[in-house]
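Okay, structure first, notes after.
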Amino acid sequence: MVELLRPLLARTGFLKGCTIGSLIVAFAGSLLGSAAAFAQGADVHYFHQGIMPPGAIGGVRLARGGPVHGHFQPVEIRAPRGVRIATASGGQFDESAPAPLRLGLHVGAVYRLRATHVPFAEGEEVFPTIEVIDRTYAPLDQQQRFAIPVELTEEDLRLALEGKFVTRVIYLEDPTRALPAPEDPQGQHWFEVRPGDDPLAVADTLGRPVAILRLGGRLPDDAVGIDDAFLYGSPPLVRYAAEVTVLPPPPRR
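If you want my numbering, it's the position in the sequence shown, counting the first as 1, plus 83.
Structure follows, in structure tokens:
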């Protein structure tokens, strides 16, 4: 059985102090109830809040040990057509490339990206971060095929440009608690947590969180510019081909 990777979304309005998408919030609330109450009766992977600063959650996972130190976890970064994504190395952003991008990212590190050529906001830039907080265990010859999908949607980019802060927690579904919905190859199924709920805690009740996407609310300091602190030290990464050949099933014996 292949575990499905799904995102769980939390949007915080820094400008208006409200949560966007009340219908989705109401659905998530009726489905999940209180995340804190649910977590008391369930096994969880993280005992820390998702609002902790980037790098803290991944650091907790590294401290637990296991085959995660130095592991490059395949990740696929998706975005609307036309959007270009730049990664950082050596203290500066590299040349941008059209999405999707397939990268190998270290578990526990924080990667700063730059998204440009946003269709509805030409000339504007968004600087999201990706924090891989755990790894997957696909067959060695198919790890890229089952890369963690991290999607920058048009709505997320719009909210970020409006000054909102968006958090997506991507998790491996627990097959005993999976949502009864087929996977859409053109996009991810997601739902929004209700106001006051911790997205990491809610995702933990549904499966195993593996990555956190954060965007909005952070721009380079005009006086300092793009420095090493803004890029979180430009941790190493591996670039993969955008298209990966799907391996045929093994012959029957």
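Every residue, glycine too, gets a C-beta built ideally from N, C-alpha and C.
Secondary structure at Arg167, three-state DSSP: helix, strand or coil?
strand
Please identify the residue among Val166, Asp287, Arg185, Ile309 whose C-alpha is closest to the C-alpha of Val233.
Arg185
Quick one: is Thr259 buried, meaning 16 or more other Cβ sit within 10 Å of its Cβ, or exposed?
exposed
Taking only beta-carbon positions, decide if His200 is within less than 8 Å of chain D.
No chain D is present in this structure, which holds just one protein chain.
Helix, strand or coil for Ile140 per DSSP?
Helix at Ile140.
If you compare alpha carbons, which of Val158, Arg277, Leu240 is closest to Val193?
Val158
Buried or exposed, going by whether 16 or more other CB atoms sit within 10 Å of the CB of Gln156?
buried
Just tell me which of Lys247, Thr170, Asp281, Val143 has its CA closest to the CA of Arg301.
Among Lys247, Thr170, Asp281, Val143, the Cα nearest to that of Arg301 belongs to Lys247.
What beta strand (DSSP E) runs, 3 residues minimum, are completely inside the segment 191-278?
193-195, 197-199, 212-215, 231-234, 248-256
If you draw a straight line from the alpha carbon of Ile216 to that of Ser172, how long is it in whole angstroms?
21 Å
Classify Val158 as helix, strand or coil using the three-state DSSP reduction.
Val158 falls in the strand class under three-state DSSP.
What distance in whole Å lies between the Cβ atoms of Tyr254 and Pro292, which are believed to be in contact at a cut-off of 8 Å?
4 Å
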